[in-house]
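> With the UniProt record's numbering as the guide, the letters of the sequence shown map in order to residues 1 to 258.
Built from N, CA and C at the ideal position, the CB exists for glycine as well.
The structure displayed is predicted, hence computed values, not measured ones.
Below is a structure I'd like to ask you about.
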Amino acid sequence: MEDVSRADMQKDPDEVAGMFDATAKRYDLLNSLLSGGNDRLWRIHMQRAVRPQPGERILDVAAGTGASSAPMAKAGALVTALDISHGMIEEGRKRHADVEFVHGSAEELPFDGDSFDAVTISFGLRNVQHPRAALSEFLRVLKPGGRLVVCEFSHPPVNVVRKGYELYLGTMLPGVAKAASSNPEAYRYLVESIRSWPDQQALSQWIRTAGFTRVAHRNLTMGVVALHRGRKPTDQTGAMRIARHALAEEQGLDGVDR
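Written out as structure tokens, the structure reads:
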């Protein structure tokens, strides 16, 4: 687990899956403890951003035990919860009979294109080996006009908040994890993955580059978490044009077709 705990790790899918297998049974409880109960509030905000409707097909990627999937299923949506960890899926199936759990990778989704009305991922994009490849997959499986919602740890924009959060990440969180978790190395990885993750503006640009429109984000808990949203264009030509333009902006190129 030492290799997995380093921020510069390659995020090998097997190693990441093994890490979550080891924490599956107590994962949700520890998340609530370490977030001071804010994880429930973040899920409420995500649910409101998704706005699940009865009969809609929703894909919840990196769904873990289904804590974010279950409320959408209760709203009447047909929810597919995908995760790379067999341990998480096994635990999720015990808890949520109304959610379909599927084993798979965010980078190679086992679904046809134009299949889902919405794709969501909560605190999971950071753990994907190639997150921008995953965003492209999210675009592929969404129906034209479909919704993307990404809830992820971020960087507080206010300096005093950022310093306080850094102090929490560096001292309090590891201490609590060591006392409460049977696998504290997994939470060392959590801290380092948060620190190395891009800020709100950079992630928004990744989403645009993937081809999404109407990209926006909202800070939660003073920017400790950010809720990102986007839409799949209603025509593929528009999606390709947007993706080329966003990539050109990112690389500082001129002469892009508008």
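Terminal residues of the continuous beta strand (DSSP E) containing ALA216?
Its beta strand (DSSP E) spans residues 213-220.
> With a threshold of 8 Å on Cβ separation, who are the neighbours of VAL141 within its own chain once the five nearest residues in sequence on each side are excluded?
Only LEU59, LEU109, PHE111, ASP112, GLY113, ASP114, SER115, PHE116 and VAL119 meet the Cβ criterion.
> Any contact of the stretch 208-228 with the stretch 158-177, i.e. 3+ C-beta pairs under 8 Å?
Verdict: yes, contact present.
> Using DSSP bridges, identify the partner residues of HIS96.
Answer by DSSP bridge pairing: none, since HIS96 is not bridged.
> Nearest CA to the CA of SER122: which residue from LYS143, LEU139, LEU148 and VAL99?
Checked all of LYS143, LEU139, LEU148 and VAL99; the closest Cα to SER122 is LEU148.
> In chain order, what are the residue ranges of uninterrupted alpha helix (DSSP H) at least 4 long that sit wholly in the stretch 51-100?
Qualifying alpha helix (DSSP H) stretches, in chain order: 69-74 and 86-95.
> Going by DSSP, what residue range makes up the beta strand (DSSP E) through GLU137?
No beta strand (DSSP E) contains GLU137, which is instead part of the alpha helix (DSSP H) from 131-141.
> From ARG231 to GLY211, what does the alpha carbon distance come to, in whole angstroms?
Each residue's Cα considered, the two are about 9 Å apart.
> Give every residue of the same chain whose Cβ lies closer than 6 Å to the Cβ of LYS11, excluding the five residues on either side of it in the sequence, and list them in chain order.
Answer for LYS11: GLN129, listed in chain order.
> For PRO131, is the classification buried or exposed, using 16 other Cβ atoms within 10 angstroms of its Cβ as the cut-off for buried?
It is buried - the Cβ of PRO131 has at least 16 other Cβ atoms within 10 Å.
> So ARG195 packs on LEU169, CB below 8 Å; how close in whole Å?
With 8 Å as the limit, ARG195 and LEU169 qualify as a contact, their Cβ atoms being about 7 Å apart.
> Quick check: what's the CA-CA separation for LYS74 versus GLY64?
Those two C-alpha atoms are separated by around 17 Å.
> PRO110 by DSSP, collapsed to three states: which one?
In the structure shown, PRO110 sits in coil (DSSP, three-state: anything other than H, G, I, E or B).
> Going along the chain, which residues of its own chain have a beta-carbon closer than 6 Å to the beta-carbon of ASP39, five neighbours each way excluded?
Cβ neighbours of ASP39 beyond the five flanking positions: ASN31 and SER32.
> So what does PHE116 bridge to, in DSSP terms?
LEU142.
> Taking the C-alpha atoms as reference points, what is the distance between MET172 and GLU100?
Going by the C-alpha atoms only, they are around 36 Å apart.
> Between which residues of its own chain and GLY18 is the CB-CB distance below 7 Å, once the five residues before and five after are set aside?
Counting only Cβ-Cβ distances below 7 Å, and skipping sequence neighbours, we find nothing.
> Could you have a look at PHE20 and say whether DSSP puts it in helix, strand or coil?
DSSP places PHE20 in helix when its eight states are reduced to three.
> With ARG83 and ALA62 assumed to form a contact (beta carbons below 8 Å), what rounded beta-carbon distance in angstroms separates them?
Note on identity: in this sequence residue 83 is Asp, with Arg being the wrong assignment. That pair is a contact at about 6 Å.
> Does the Cβ-Cβ distance between ARG208 and ALA216 come in under 8 Å?
No, the pair does not count as a contact, with Cβ atoms beyond the cut-off.
> Going by Cα to Cα distance, which pick from ILE44, LEU34 and HIS86 is closest to ALA67?
Comparing Cα positions, the closest option is ILE44.
> Compare the Cα-Cα distances from SER193 to each of GLN200, ARG214, LEU34 and SER154 and report the closest residue.
Ranking the options by Cα distance to SER193, first place goes to SER154.
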